[in-house]
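These notes are about the structure you will find just below.
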Amino acid sequence: MKQGMFTITANRRLTQNVCEMILAGDTSACQRPGQFLNIKLDGLFLRRPISVCDYDDEEIKIIYKIVGKGTRAMADMRQGQTLDVLTGLGNGYDSSKAGTSPVLIGGGVGIPPLYGLLKALQRQRAAGGLAHSESAGTEKIRVILGFNTAEEIFYQKEFEAAGAEVLLATADGSAGVKGFVTDVLAGLDYSYFYTCGPEAMFRAIERVAKTSGQYSFEERMGCGFGACMGCSCETKYGSKRICKDGPVLEREEILW
Amino acid sequence: MVNLKVKLCGIALDNPVIPASGTFGYGSEYAELYDINCLGSFSFKGTTLEPRFGNPTPRIAECPDGMINAVGLQNPGVDAVIREELPALRRIFHKPVMANVSGFSVSDYVETVAKFEADEAASSQIGWYEINISCPNVHGGGMAFGTSAQAAAEVTAAVRRTTDKPLLLKLSPNVTDITEIAGACEAAGADGISLINTLLGMRIDLKTRRPVIANKMGGFSGHAILPVALRMVWQVYEAVKIPIVGMGGVSSAEEVIEMMLAGATAVEIGAANLVDPFACKRIIEALPTVCESYGITNLEEIIGGGH
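Protein sequence lines, in the order shown, are assigned to chains A and B.
The first sequence maps to residues 1 to 256 in this note's numbering.
The second sequence maps to residues 1001 to 1307 in this note's numbering.
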């Protein structure tokens, strides 16, 4: 974890209420996809935890949905403004468990961290890091993206540009498969799954998933770095802090 | 040169700044960021006889200039604290620590303290006991002892018989007359009073029309409660002769001084740590300059100076 001042270099709407913000500063504490930031905002006491979509040596990209005071304030911020940010929070996804044909499953505003994970898996595959098989490195990594309606779709093109095969599901059928991500998942074979999204989606995935996998959880947090015990959850292996021991938990340890 | 040293119940502190229990874990998260040996002392996470998972989530809610928590005394229990947490803490913090203890019966408090006392390494590490009789987030215990003068005195007297170490009783602000409780603790053998714990509060989510906190109510803390804390420290200072550890909303060097003028010998920093993990370090570093700007050369001399 590090605390640092970041400068907003871009802040744009992706849909009516989902925005993408790029923050420039010291990104050295970012270690893995699936970690998060905790952002101090004027006029609010607690920091706001937001998952990291992607990062490099200079910048961090986040995607957030406008749901309350904090995210509304963020949406109004302009290029050049600075933010006090805690970086490198949480465990993130363990990409080493992907196997030959992992599937990534994202629901709504849970989708962003899967983008960084996809890129990490692609790098790993390029470096020969995926377990060897006939198909490794030739088939595209599949990403299932779930939305309520076509108007809410974001990042489909970015995932495709990063080399993924995107499979869409919308609840109203206005794009892709009519239904939920699990309707797509049920027809696939895969070696492992990674997911982020609403808990109702997790419960549905839990019913149909054929392999091990990792879920990234959300919870109201106090500190975001493991000190206050505000976001604890019980697992098969004892109590864990979503902010520090999570937000990513393995399927085998979760108590539903 | 400004003297920041104070003496709390006979033990010298390099400065009066102490992270409050429950906001600093066992120190390791903060030790990743800075050398926590700059702290005066450190009150570790409230410990109970048995392990506790605590309350269901959500346990946290945003408030105007503050927050509500309803963690519910989550901790691994005294045996695991002695076995795992204190040895780890010894490697990152080399000064006497404040052992914060909570319970659901008088014997819970006594047995927990007795276990700390019986372990040579733990006992030598602990400078003071801070007996929490004010947790608002657990039923049938915690705050129940801190809202009755008689019960507060009973806990104090029983723990007094268990240890010779300085005994601080941590009091709840959710009472009609805090001086009565403080006086009862003093009469029963307390060496100091620690106050205030959180104020009972709640928030309601407009979308769900339900309380934000799963436990419905929780403890309100943060900058907003500073005036209430100052008032109660002031009142208790006038009512007892034993030293006071003041806390509640303190988040700057100026407010540490304000709390000491009200009567605090040492000052705990709570919710501020959660928002700014460098809060204690920043306050300690700012103290000499801020003292000088108010003509203070010896911090110890200003204790109760507002009266």
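We treat Cβ as the ideally placed atom computed from N, Cα and C, and that holds for glycine.
Checking the sheet assignment: what are the DSSP bridge partners for A:F193?
A:V103, A:G213
Would you say A:S232 reaches chain B, if we count a Cβ-Cβ gap shorter than 7 Å as a contact?
yes
Per DSSP, cross-strand counterpart(s) of A:S232
A:S232 is bridged to A:R241.
Taking 8 Å as the cut-off, does the segment 1180 to 1191 of chain B touch the segment 1162 to 1171 of chain B (at least 3 CB pairs, one atom from each stretch)?
yes
Quick check on this structure: which residue in B:S1124, B:P1243, B:P1173, B:A1020 has the alpha carbon closest to the alpha carbon of B:A1229?
Nearest to B:A1229 by alpha-carbon distance, out of B:S1124, B:P1243, B:P1173, B:A1020, is B:P1173.
Going by C-alpha distance, which of A:T195, A:Y194, A:V177, A:C196 is nearest A:G187?
A:V177
Quick one, which of B:R1282, B:W1234, B:I1244, B:L1299 has its alpha-carbon nearest B:H1307's?
In terms of Cα proximity to B:H1307, the closest of B:R1282, B:W1234, B:I1244, B:L1299 is B:W1234.
Assigned exposure category for B:P1064 - 16 Cβ within 10 Å defines buried:
exposed
Look at the alpha carbon of B:G1304 and the alpha carbon of B:N1037, and state the distance between them as a whole number of angstroms.
27 Å
Can you grab the Cα-Cα spacing for the pair B:L1299 / B:G1263, in whole Å?
Taking C-alpha positions only, B:L1299 is separated from B:G1263 by approximately 12 Å.
What's the gap between the Cα of B:N1197 and the Cα of B:K1005?
25 Å
Would you call B:H1094 buried or exposed, if buried means 16 or more other Cβ atoms sit within 10 Å of its Cβ?
exposed
Helix, strand or coil at A:G88 [DSSP, three-state]:
Here A:G88 carries a strand assignment [DSSP, helix/strand/coil].
Chain A residues whose Cβ lies nearer than 8 Å to that of B:C1063
F45
Between the segment 1059 to 1074 of chain B and the segment 1215 to 1222 of chain B, are three or more C-beta pairs nearer than 8 Å?
yes
For A:C223, would you say it is in contact with chain B, using Cβ-to-Cβ distances shorter than 7 Å as the test?
Interface residue, yes.
With distance defined between alpha-carbon atoms, name the residue in A:L83, A:A227, A:E218, A:T182 nearest to A:D26.
A:L83
Quick one, which of A:A73, A:Q124, A:A169 has its alpha-carbon nearest A:G106's?
A:A169
Since I believe A:G146 is in contact with A:F180 (beta carbons under 8 Å), could you give me their beta-carbon distance rounded to a whole number of angstroms?
6 Å
Taking DSSP as the reference, what is the three-state secondary structure of A:T9?
strand
Just how far apart, CA to CA, sit A:I8 and A:A227?
If I take the Cα positions, the gap works out to 28 Å.
Please list, in chain order, the residues of the segment 1042 to 1053 of chain B that have any C-beta partner in chain A closer than 8 Å.
K1045, F1053
For A:K69, does the three-state DSSP call read helix, strand or coil?
helix
Three-state secondary structure (DSSP) at A:S133?
Confidence is the limiting factor: at A:S133 the pLDDT is only 48, short of 50, which leaves the residue's position unreliable and the question unanswerable from this model.
Identify the contact partners of B:I1060 in chain A, using a Cβ-Cβ distance below 8 Å as the criterion.
L46, R220, M221, G222, C228, G230, C231
With 9 Å as the C-beta to C-beta threshold (strictly closer), list the residues of the segment 1266 to 1299 of chain B near chain A in chain order.
A1271, N1273, L1274, V1275, D1276, P1277, F1278
Please identify the residue among B:V1113, B:A1121, B:Y1109 whose C-alpha is closest to the C-alpha of B:A1152.
When each option's Cα is compared against that of B:A1152, the closest is B:Y1109.
Residue interval of the alpha helix (DSSP H) (run including B:V1081):
From DSSP, B:V1081 is part of no alpha helix (DSSP H); its letter is neither H nor E.
Local conformation of B:I1036 per DSSP, three classes
helix
When you compare the CB positions of B:F1042 and B:P1019, do they come within less than 7 Å of one another, or not?
yes
Looking at C-alpha atoms only, which residue of B:T1057, B:D1014, B:C1009 is the closest neighbour of B:I1284?
B:D1014
Minimum C-alpha distance to B:A1121 - residue among B:R1083, B:R1161, B:K1241
B:R1083
Does the segment 1235 to 1243 of chain B come within contact of the segment 1276 to 1291 of chain B, defined as at least 3 CB pairs closer than 8 Å?
no
Since B:D1108 is in the beta strand (DSSP E), which residue starts that stretch and which ends it?
Premise fails: B:D1108 lies in the alpha helix (DSSP H), 1106 to 1118, not in any beta strand (DSSP E).
Rounded to the nearest angstrom, what separates B:S1021 and B:E1130 at their Cα positions?
9 Å
What span of residues does the beta strand (DSSP E) with B:M1202 cover, start to end?
No beta strand (DSSP E) contains B:M1202, which DSSP labels as neither H nor E.
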